[in-house]
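A.B. asks: Below is the structure I would like to discuss, written out as structure tokens.
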Amino acid sequence: MKRSGLKNHRRNMSCRTYMTYSSSMLKGLISLLLLTVIILLTPKHAYPFDYLKFALGVGSGYVIHEASHQAVAEVNGTPFKWKKGFGSTWVTSNNTSESERYELASAGLGSQVLSSEIILNSKSIPKDSEYVIGILTFNVVNALLYVVSDGIMKPHDNYGDIEMMDKAGLDRDYVCTFLVVHSLYTIYRAYYKTDIPAYMTMSKNEIKVGVTILRW
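Residues 5 to 220 (the numbering used here) make up the sequence shown, in order.
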């Protein structure tokens with residue numbers, strides 16, 4: 005009995021180490037479809053190099069999103085690793101606290117919001133650059149894909165950033181609503197090239213969003 009108990013203890017020790025978080029393959033397929041539509045709607049006078057810059061922008065947005073997860077883990081000293089290399093499913097310890105899990109899960113989408121705000125509110129960044137448009141496109145499309153997959157289609161499958169934020173105490177409905185509103189607001193500002201900065205603060209139980217309506 006003692007030997008059997010020791011085996012079970014070791015097995016539990018080996019199995020308890022990591023919790024897994026992953027994105028649905030559906031996101032990738034829908035992303036490819038949406039990006040194809042965007043490319044098809046691009047003016048015919050666009051040059052091949054313009055498409056390359058756009059693709060690099062999309063790729064940069066992806067790298068920023070994934071790297072943010074790892075950066076937060078490194079800063080906080082939270083157990084973290086990629087299962088099959090950078091950008092694949094990431095895992096963390098079962099023993100991480102709710103606040104640590106929340107910070108890890110929200111880092112990717114948070115970096116998208118932050119990078120969009122930096123781009124749209126910096127006069128030195130050209131808004132008509134294909135590279136910049138690529139980053140904004142990724143930020144908008146990826147955020148909406150998370151809403152569809154994690155918030156609507158598969159809200160309780162234990163995978164995805166929104167699901168993990170919800171488990172850590174930040175209601176998924178608040179997160180999804182904010183992502184939709186911010187994405188539409190980003191599209192509006194990018195299209196009309198307006199300079200209306202948005203501000204956001206988040207806590208475990210609420211999200212506060214505001215905009216500047218008057219400057220002097």
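Each residue gets a CB set at the ideal place from its N, CA and C atoms; glycine is no exception. Quick caveat, the model's predicted, so the values are computed rather than measured.
Excluding the five sequence neighbours on either side, which residues of its own chain have a C-beta within less than 7 Å of the C-beta of D107, listed in chain order?
C.D. replies: The question names Asp, but residue 107 is Glu in the sequence shown. Excluding positions up to five away in sequence, the list reads V76 and N80.
A.B. asks: Mind checking V117: buried by the 16 CB within 10 Å criterion, or exposed?
C.D. replies: Label assigned to V117: buried.
A.B. asks: Can you find the residues in the same chain that come closer than 6 Å, C-beta to C-beta, to D154, ignoring five residues on each side of it along the sequence?
C.D. replies: Same-chain partners within the cutoff: G164, I166 and E167.
A.B. asks: Taking only runs of the beta strand (DSSP E) that begin and end inside the segment 87 to 172, which ones reach a length of at least 3 residues, in chain order?
C.D. replies: Correct list: 94 to 97.
A.B. asks: With DSSP collapsed to three states, give me the class of K57.
C.D. replies: Reduced to three states, the DSSP call for K57 is helix.
A.B. asks: For T100, which residues in the same chain have their Cβ closer than 8 Å to its Cβ, ignoring the five residues on either side in sequence?
C.D. replies: Counting only Cβ-Cβ distances below 8 Å, and skipping sequence neighbours, we find M23, T82, P83 and L108.
A.B. asks: On the criterion of 16 or more Cβ atoms from any shown chain inside 10 Å, does I123 qualify as buried, or is it exposed?
C.D. replies: With 16 or more other Cβ atoms within 10 Å, it is buried.
A.B. asks: What distance in whole Å lies between the Cβ atoms of L174 and Y150, which are believed to be in contact at a cut-off of 8 Å?
C.D. replies: In fact, because the Cβ distance is near 13 Å, the residues do not count as touching under 8 Å.
A.B. asks: Out of curiosity, what's the CA-to-CA distance linking S187 and Q74?
C.D. replies: Distance between the alpha carbons of S187 and Q74: 24 Å.
A.B. asks: Taking the alpha-carbon of K171 as reference, which of I191, S103 and T190 has the nearest alpha-carbon?
C.D. replies: It is S103.
A.B. asks: Contact check, H69 vs S115 under 8 Å by CB: the rounded distance?
C.D. replies: Their Cβ separation, rounded to whole angstroms, is 6 Å, which keeps H69 and S115 in contact under 8 Å.
A.B. asks: At which residues does the alpha helix (DSSP H) containing D177 begin and terminate?
C.D. replies: Its alpha helix (DSSP H) spans residues R176 to Y196.
A.B. asks: Measuring alpha carbon to alpha carbon, tell me which residue in Y178, N143 and M169 is nearest I191.
C.D. replies: Looking at the Cα atoms, N143 is the closest of the given residues.
A.B. asks: Would you grab the beta carbon distance between V185 and M169 for me? Rounded to a whole angstrom, and I think it's under 8 Å.
C.D. replies: Not really, about 16 Å apart at Cβ, beyond 8 Å.
A.B. asks: Hey, how far is the Cα of N125 from the Cα of K87?
C.D. replies: About 36 Å.
A.B. asks: Identify, in the order they occur along the chain, each residue of the same chain with its Cβ nearer than 6 Å to the Cβ of K131, setting aside the five sequence neighbours on each side.
C.D. replies: Correct list, in chain order: K197.
A.B. asks: Apply the 10 Å Cβ neighbour rule to F53 and answer buried if 16 or more other Cβ atoms are within range, or exposed otherwise.
C.D. replies: Exposed, since its Cβ has fewer than 16 Cβ neighbours within 10 Å.
A.B. asks: Just the C-alpha distance for S119 and W94, rounded to the nearest angstrom, thanks.
C.D. replies: For S119 and W94, the distance between alpha carbons rounds to 22 Å.
A.B. asks: How long is the line joining the alpha carbons of S27 and A71, rounded to whole angstroms?
C.D. replies: The predicted position of S27 is uncertain, since its pLDDT is 46 and thus under 50; a value taken from the coordinates is nonetheless stated next. Roughly 15 Å separates the two Cα atoms.
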